[in-house]
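All the letters of the sequence shown, read from the start, carry residue numbers 2 to 118 under the working numbering.
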Amino acid sequence: MEATLNLKEMALESKRACKSNGSQWGKVLELHQQSKRKLMRVKTKRILMKRRATQEGSRRRHVDRIEEKVRILKKLIPNTNSGGLEGLFRDAANYIMSLQMRVRVMQIMVDALSGPC
């Protein structure tokens, strides 16, 4: 274990010495480090661009599904005023309440007509 630590320390010391002396080895090491950093930036940028494209694609699909459901709702509700989503939802709520009232009226009529004979 100590031998490994000593080797690492020696390698670090030789790198520092080379950098401080301005030797050719120090320049090579510096260029190598710069190229590694640049490669990491490129890889990171590529990964981020792929993620962004995936997120935008899923967001687009989500919006498409919502738009399709709104179109279907517009087809189901008669006499819709085109007042945006708020108007569409208001019309849908009113239509549902009117259908519920019709069901109640029909139930009352059935009860009245099928009463004691």
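Note that CB positions come from ideal geometry on N, CA and C, so glycine has one too.
| task | Just mark Asp92 as buried or exposed, buried being the case when its beta carbon has 16 or more other beta carbons within 10 Å. | result | Label assigned to Asp92: buried.
| Span of the alpha helix (DSSP H), counted from its first residue to its last, around Asn95 | First-last of the alpha helix (DSSP H) with Asn95: 85-114.
| Could you give the distance in angstroms between the alpha-carbon of Val120 and the alpha-carbon of Thr55? | As shown, the chain starts at 2 and ends at 118. That puts residue 120 outside it, with no answer to give.
| field | Alpha carbon of Ile38 to alpha carbon of Gly85, nearest angstrom | value | Here residue 38 turns out to be Arg, not Ile, going by the sequence shown. Their Cα atoms are separated by approximately 51 Å.
| message | Are the CB atoms of Tyr96 and Pro79 within a distance shorter than 9 Å? | response | Cβ atoms of Pro79 and Tyr96: closer than 9 Å.
| message | Assuming Ile48 is part of the alpha helix (DSSP H), what are its boundary residues? | response | 25-77
| Assuming Leu89 and Val71 make a contact with CB atoms under 8 Å, what is their CB distance in whole Å? | Going by Cβ atoms, the distance from Leu89 to Val71 rounds to 7 Å, so yes, they are a contact pair.
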